[in-house]
Amino acid sequence: MNLNEKTRIITESAVIVSLMTIFVFLGLYLTPIILLLYPVPFIILGIRHNVKSSMLTVFASFILVSILIDPLTALFVTIIFGPLAVAITYMINSKYSSYKIIVIGTVVSFISIVISLIITGYITGVNFYDLLKEQVDFILSTQESVLKEMEISSYRIEEFIDRSTLLLDNTILIFPAMLVIASLFTNYINYFISIATLKRLRYKDIKVPLFSKFRLPSNIGSGIAVIAILSFIISYYKLFYYDTIILNISILVMFLFFLQGLAVIVYLLNKTNINSILRGVIIAFLILSSPLMLIISLVGLVDIIIDFRKLKEDK
Numbered sequence: 001m002n003l004n005e006k007t008r009i010i011t012e013s014a015v016i017v018s019l020m021t022i023f024v025f026l027g028l029y030l031t032p033i034i035l036l037l038y039p040v041p042f043i044i045l046g047i048r049h050n051v052k053s054s055m056l057t058v059f060a061s062f063i064l065v066s067i068l069i070d071p072l073t074a075l076f077v078t079i080i081f082g083p084l085a086v087a088i089t090y091m092i093n094s095k096y097s098s099y100k101i102i103v104i105g106t107v108v109s110f111i112s113i114v115i116s117l118i119i120t121g122y123i124t125g126v127n128f129y130d131l132l133k134e135q136v137d138f139i140l141s142t143q144e145s146v147l148k149e150m151e152i153s154s155y156r157i158e159e160f161i162d163r164s165t166l167l168l169d170n171t172i173l174i175f176p177a178m179l180v181i182a183s184l185f186t187n188y189i190n191y192f193i194s195i196a197t198l199k200r201l202r203y204k205d206i207k208v209p210l211f212s213k214f215r216l217p218s219n220i221g222s223g224i225a226v227i228a229i230l231s232f233i234i235s236y237y238k239l240f241y242y243d244t245i246i247l248n249i250s251i252l253v254m255f256l257f258f259l260q261g262l263a264v265i266v267y268l269l270n271k272t273n274i275n276s277i278l279r280g281v282i283i284a285f286l287i288l289s290s291p292l293m294l295i296i297s298l299v300g301l302v303d304i305i306i307d308f309r310k311l312k313e314d315k
């Protein structure tokens, strides 16, 4: 590596560290969801140069955020997003397939989030689930107080509170599945935006994976069969928290079917002459429409069997 190359890496790293410190500040105090994109600049830097430069820049960002904001925030942001940035960079540079990047990246993201929750519990001295339960109780008590002030009948208030309690309790039960789904989303959005940006910059021979070509592995059927048998055994012998385990497995399997079903619909929409904006509106509606989730999941299940898009032939 010559002097010019080293200077360029240092300059780019300094710019990224400065910008991402501002990015963290904006995420904390304005729009928290933008923090999901924190790994993108580090991934792009690592692909333009090497994994080492990505790792060092993540560490430098940790130091600067610790100084300018606070060490705890820097620690959590680095733990949650740092390993993911390095992992995606390494896998892209090593020419991993899109499928492997999505699977491994999701695992890395999931482990990072779990570690951050464990550290939170250690620092605060409160178990995360207990903290979540406290928040649920607070929400329910607040709702009850508001309803009483509105002079609604006791029967209606009790009915509403019972429904809300059931909903929030179920949300706590399916938290592990939600965590996996959040990890998958975080990994995919960072991977996709990073390579799409590099493609725009005409950097390296990088292919942007099309969601319309998304397909679960061909052996998913046997995998689900094994999961079903294990779930039956756990349920029959009432092992561990069998009801919670089965509930989370069911949600994850349905979510995977939903993704494939949505990919089929996107594929069919791309075949039409519908305006791209209208296509986006339709897809957003399908994602946000709860009643249609089961139907879309069934489409995904049928596609596994029939292969509407003939993707096996493409391979």
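Counting along the sequence shown from 1, when you hit position 216 you're at 216 in the UniProt record's numbering, and nothing is skipped either side.
Each residue gets a CB set at the ideal place from its N, CA and C atoms; glycine is no exception.
Give me the Cα-Cα distance between residue i and residue j, rounded to the nearest whole angstrom.
i      : j      : result
Tyr99  : Ser53  : 25 Å
Ile69  : Phe25  : 8 Å
Leu36  : Phe255 : 21 Å
Ile80  : Ile113 : 5 Å
Pro71  : Ala14  : 19 Å
Leu173 : Ile251 : 11 Å
Pro83  : Val146 : 43 Å
Leu292 : Leu286 : 7 Å
Ile189 : Phe62  : 22 Å
Tyr122 : Thr73  : 15 Å
Phe109 : Ser290 : In the sequence under discussion, the amino acid at residue 109 is Ser, which differs from the Phe named in the question. Approximately 26 Å, taken between the alpha carbons.
Thr171 : Arg8   : 48 Å
Ala196 : Gly280 : 18 Å
Phe257 : Val299 : 8 Å
Ile229 : Ile295 : 25 Å
Asn4   : His49  : 13 Å
Tyr96  : Leu201 : 21 Å
Tyr29  : Ser116 : 20 Å
Phe138 : Ile118 : 23 Å
Met55  : Lys6   : 15 Å
Asp314 : Thr142 : With a pLDDT of 49 at Asp314, under the threshold of 50, the modelled position of this residue cannot be trusted; read the value that follows with caution. Each residue's alpha carbon lies about 56 Å from the other.
Lys271 : Ile10  : 46 Å
Glu12  : Ser18  : 10 Å
Leu301 : Val253 : 10 Å
Ala284 : Asn273 : 18 Å
Ile305 : Ile67  : 55 Å
Gly27  : Phe59  : 19 Å
Arg163 : Leu288 : 21 Å
Thr31  : Thr120 : 22 Å
Asp307 : Ser297 : 14 Å
Pro209 : Lys133 : 39 Å
Ile161 : Ser154 : 10 Å
So the alpha helix (DSSP H) residue i belongs to, where does it begin and stop?
i      : result
Met178 : Phe175 to Arg200
Ala303 : At residue 303 the sequence reads Asp, which differs from the Ala that was named. From DSSP, the alpha helix (DSSP H) with Asp303 extends over Ser290 to Ile306.
Ile272 : According to the sequence provided, residue 272 is Thr. The question's Ile does not apply to it. Here Thr272 belongs to no alpha helix (DSSP H), and DSSP marks it neither H nor E.
Arg48  : Val40 to Arg48
Ser98  : Ser98 to Thr124
Pro209 : It is not in any alpha helix (DSSP H) - Pro209 carries neither H nor E in the DSSP assignment.
Met55  : Val51 to Leu68
Met91  : Pro71 to Asn93
Thinking residue i and residue j are a contact (beta carbons under 8 Å), I'd like their distance in whole angstroms, please.
i      : j      : result
Ile92  : Ile47  : 6 Å
Thr106 : Leu184 : 5 Å
Leu45  : Thr57  : 6 Å
Thr21  : Val65  : 5 Å
Tyr191 : Ile101 : 6 Å
Leu269 : Ile277 : Rounded, the Cβ-Cβ distance is 12 Å, inconsistent with contact.
Leu198 : Ile206 : 5 Å
Asn248 : Pro176 : 5 Å
Phe23  : Ile33  : The pair is not a contact, with the Cβ atoms about 12 Å apart (cut-off 8 Å).
In chain order, what residues of the same chain lie with their CB nearer than 6 Å to the CB of residue i, ignoring the 5 residues before and after it?
i      : result
Phe214 : Ala263
Tyr90  : Val51
Ile43  : Ala85, Ile88, Thr89 and Ser194
Asp303 : Gln260 and Val264
Tyr267 : Ser212 and Arg309
Val40  : Asn190, Ile193 and Ser194
Asn187 : Gly105, Thr106 and Ser109
Tell me which residues share the same chain as residue i and place their Cβ nearer than 7 Å to its Cβ, disregarding the 5 neighbours each side in the sequence.
i      : result
Ile181 : Phe255
Leu311 : Lys213 and Arg215
I want to see whether chain B comes within less than 8 Å of residue i, judged by CB atoms only; does it?
i     : result
His49 : Among the protein chains of the structure shown there is no chain B, as only one such chain exists.
Tell me whether residue i counts as near the ligand FAD, meaning its Cβ is closer than 7 Å to at least one heavy atom of that ligand.
i    : result
Glu5 : Of the ligands one can find in the structure shown there are none, so the ligand FAD has no counterpart to examine.
Going along the chain, which residues of its own chain have a beta-carbon closer than 8 Å to the beta-carbon of residue i, five neighbours each way excluded?
i      : result
Ile111 : Pro83
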